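Step one of this worksheet: look at the structure below.
Chains as they are written, first to last, in my numbering: chain A, 155 to 434; chain B, 9 to 378.
Structure follows, in structure tokens:
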């Protein structure tokens, strides 16, 4: 039984983590001082937990720089995994399954729209979450990164990626929606087929006068359940959990390249080391 | 010609009709337009004459192998041009110089310099020009209305997915090592039977050139902004004919537009297996006060039945008023002397955007739109 302590929970309510653990026989939520694994924010807390011999679930939004992510310590006896819920949402799992099985053929275009309310600056970590999906689905880092933002504000960012073999990705992240719910849409076009995850498709209609309201058919805590299952199995099997620190470094590296592309107004290309990007 | 002298019904010449005939068929959906003759140049190849003759026979109108004579003898006011792409502009220029208003099939041309000739000829001869487009599809009309009424505030980002779930000959990778590359024109002629011959012509064209006018016209129509810079990725991902002829069947495009407006486009001929209908064609629009998600196919009716052919569309579009509204707009443009929904200058700018995207796809750099 994996005993998980919730030191930080980020934007996900603790009740949701509890609900997810309730659905697994081998995970239980305990007080932090009784835990052999912890959910934490930030590299320092993660490293402290590893030093204490605890397994770590790291909130990915808590790390903003690839150099910071590279400081994450790992040991053979501990598992460090990103709590990247995006990968584990049931809809995304379906897409990943038909992609990795080859059903869709070689991936051609990945398109993601992520629109949120709030008006604040799009955080690099928000972008990195989506870039991680692109890296994951294409199985590699992009060769080319181009990005634009709206005006001088950072409430809207669009990123255009080119992958080896001709694959492409377009991602746009906005925080300019009015108060209310967000919107998510992902499509993957492969050589033999395609997959669509779209809030537009998954809306109920509520009639209460005037235009009907669209009410999202949510995916519940299934994403958290999948994430905890991978974490607990990795711990039980003594293996690396996916996604791990290297995935976070990769996603943040691409996000940083996007930022540099915005400043330069030009695309960046992967450099000779294969780990970074340069104007080209 | 003053508005008092304008005819109640415009007599139209179909000037070459070698592709699918949706343009001339669409023109006559409006009662002010009548097809009176099909014509083309005498020196065209036999397959062109055969298609022109077939269409003339279907319409019960004569086919004349001399464009100037057809115009002179049939009292024509409007030319409807649906030739091979590389002849589009030459025919449009000749018709404009003959004083005809012009309705032209897409693409405007495969060369921007040819588009410039049309812009000049239309202006010099004071005739109206309309590129065939889809801006009056019901979903686009709704999108325009919602934007114009201010529901999402000032729009600042326009995203279009324009995927056609059609096959286009053998799949990429299917050609044997001893087989010759696919000849583009032969493939397009062969494709006439299933309507996938949008790229008919001698010069190979990718999806950006064949279909790009439609989604880029959406963005132009909804935003009113001109594209200034383009970054694109292109590849031949699906079809052997595209691979053999070094033209893309899949592309992604980032558009930087006037006033800081951003646009993007995903376009591809993604194969019939990729969608139960024509394809996922969507618009995502962000404004300062909201967002819009539009399915271009709607309204539609879903139909399923036993023994349904594999590739018959399950979703059937309905209440489509596109043809009538396009021609009503064109009639109004002629009557008033105004530009209309997609005039020559705007079409030329879109062709230049397409060319910049094709160039960017090859160079890997951001390209300025000329």
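Glycine residues also receive a C-beta, built at the ideal position from the N, C-alpha and C atoms.
What you are looking at is a predicted structure, and each value in this text was computed from that prediction instead of being measured.
query	result
In or out: residue 50 of chain B buried (at least 16 other Cβ within 10 Å) or exposed?	exposed
Under 9 Å, Cβ to Cβ, is there at least one residue of chain A near residue 260 of chain B?	yes
On the three-state DSSP scale, how would you describe residue 63 of chain B?	helix
I need the boundaries of the alpha helix (DSSP H) containing residue 367 of chain B, first residue and last residue.	352-371
Put residue 326 of chain B into one of helix, strand or coil per three-state DSSP.	coil
Mind checking if residue 182 of chain B is an interface residue toward chain A, Cβ cutoff 9 Å exclusive?	no
Would you say residue 324 of chain A faces chain B, with C-beta separation under 9 Å as the test?	yes
So, does the CB of residue 308 of chain A fall closer than 9 Å to a CB anywhere in chain B?	no
Pick helix, strand or coil for residue 262 of chain A, following the three-state DSSP scheme.	strand
Can you tell which of A:220, A:186, A:334, A:188 has the C-alpha that lies nearest to the C-alpha of residue 270 of chain A?	A:334
Comparing the C-beta of residue 430 of chain A with each C-beta of chain B, is any distance below 9 Å?	no
What whole-angstrom Cβ distance do residue 221 of chain B and residue 116 of chain B have, given they're in contact under 8 Å?	7 Å
Could you list which residues in chain B have their beta carbon closer than 8 Å to that of residue 337 of chain A, in chain order?	299, 301
What is the residue span of the alpha helix (DSSP H) that residue 391 of chain A lies within?	376-391
Mind reading off the beta-carbon distance from residue 273 of chain B to residue 263 of chain A? Whole number of angstroms is fine, and I expect it under 8 Å.	11 Å between Cβ atoms; not a contact.
Could you give the DSSP three-state label for residue 248 of chain B: helix, strand or coil?	helix
Leaving aside the five residues before and after residue 272 of chain A along the sequence, list all residues of the same chain whose C-beta is less than 6 Å from its C-beta, in chain order.	329
Of all the residues that make up the region 232-259 of chain B, which are near chain A by a beta-carbon distance shorter than 7 Å?	239, 241, 243, 245, 246, 258
In the DSSP assignment, what residue or residues form a beta bridge with residue 267 of chain A?	A:326, A:339
Would you say residue 302 of chain A and residue 416 of chain A are within 9 Å of each other, going by their C-beta atoms?	yes
Going by DSSP in three states, residue 88 of chain B sits in which element: helix, strand or coil?	strand
Assuming residue 380 of chain B contacts residue 359 of chain B (C-beta within less than 8 Å), just tell me the rounded distance between them.	Absent from the model: residue 380 of chain B. The displayed extent of chain B is 9 to 378, so no value can be given.
Establish whether the CB of residue 280 of chain A and some CB of chain D are separated by less than 9 Å.	The displayed structure is made up of protein chains A and B, and chain D is not among them.
Among the candidates A:165, A:161, A:421, whose CA atom is the shortest distance from the CA of residue 300 of chain A?	A:421
Taking 9 Å as the CB-CB cut-off, is residue 92 of chain B touching chain A?	no
9 Å is my cut-off, CB to CB: does residue 263 of chain A come that close to chain B?	yes
Fully enclosed by the region 25-79 of chain B, which beta strand (DSSP E) runs are 3 residues long or longer?	41-47
Could you tell me which residues DSSP pairs with residue 310 of chain B in its beta bridges?	B:323
Which residues in chain B sit within 9 Å of residue 248 of chain A, going by Cβ to Cβ distance?	Per Cβ cutoff of 9 Å: no residues; residue 248 of chain A is ~16 Å from chain B at best.
Classify residue 302 of chain B as helix, strand or coil using the three-state DSSP reduction.	strand
Any idea what DSSP makes of residue 108 of chain B, helix, strand or coil?	coil
Please look up how many angstroms separate the CB atoms of residue 269 of chain B and residue 164 of chain B, rounded, as I've assumed it's under 8 Å.	6 Å
Under three-state DSSP, which class holds residue 117 of chain B?	coil
How should residue 122 of chain B be labelled, buried or exposed, when 16 other C-beta atoms within 10 angstroms of its C-beta is the threshold for buried?	buried
Can you tell which of B:286, B:301, B:285, B:231 has the C-alpha that lies nearest to the C-alpha of residue 271 of chain B?	B:231
Around the Cβ of residue 362 of chain B, are there at least 16 other Cβ atoms within 10 angstroms (buried) or fewer (exposed)?	buried
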